[in-house]
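Residue numbers (my numbering): 803 to 917.
Some notes on the structure that comes next.
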């Protein structure tokens with residue numbers, strides 16, 4: 803498997819997992835309360851599910867959809883970084899969101915030449 807394909811599926815399944823968690827896990831409910839954004843938990847979960855599905859759909863059927871999904875996921879994760887900075891989370895707590903933002907942006911840029 804090519805590294806870019808691995809990255810795409812890693813991100814897709816990660817976002818599908820975390821998106822589902824937003825709906826099902828009490829820990830995620832607590833996290834969104836801590837972010838002071840409990841009203842956005844299901845919206846963020848839905849966007850993560852849509853993004854993960856978009857990456858898979860884009861891989862198999864429509865590369866522009868994959869590009870759009872990865873770009874939107876990188877923005878979503880950047881917003882997550884901003885929220886964590888705003889609530890003064892330690893750097894170690896910010897790093898996962900930052901990593902996902904960078905990986906999603908890298909994937910989006912890497913998908914551009916394939917269009």
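All C-beta atoms, glycine included, are put in the ideal place defined by N, C-alpha and C.
Here the structure is a predicted model, which means the values were calculated and not measured.
Query, Result
"Alpha-carbon to alpha-carbon, residue 875 and residue 912", "14 angstroms"
"C-beta neighbour in chain D for residue 850, strict 8 angstroms", "The displayed structure is made up of one protein chain only, and chain D is not part of it."
"The region 860–874 in contact with the region 824–839 per 3-pair CB rule at 8 angstroms", "no"
"Residues near residue 896 in its chain [Cβ-Cβ closer than 7 angstroms; skip 5 each side]", "883, 886, 887"
"CB of residue 853 within 8 angstroms of CB of residue 871, strictly", "yes"
"Proximity winner among 803, 810, 804, relative to residue 907 (alpha-carbon distances)", "810"
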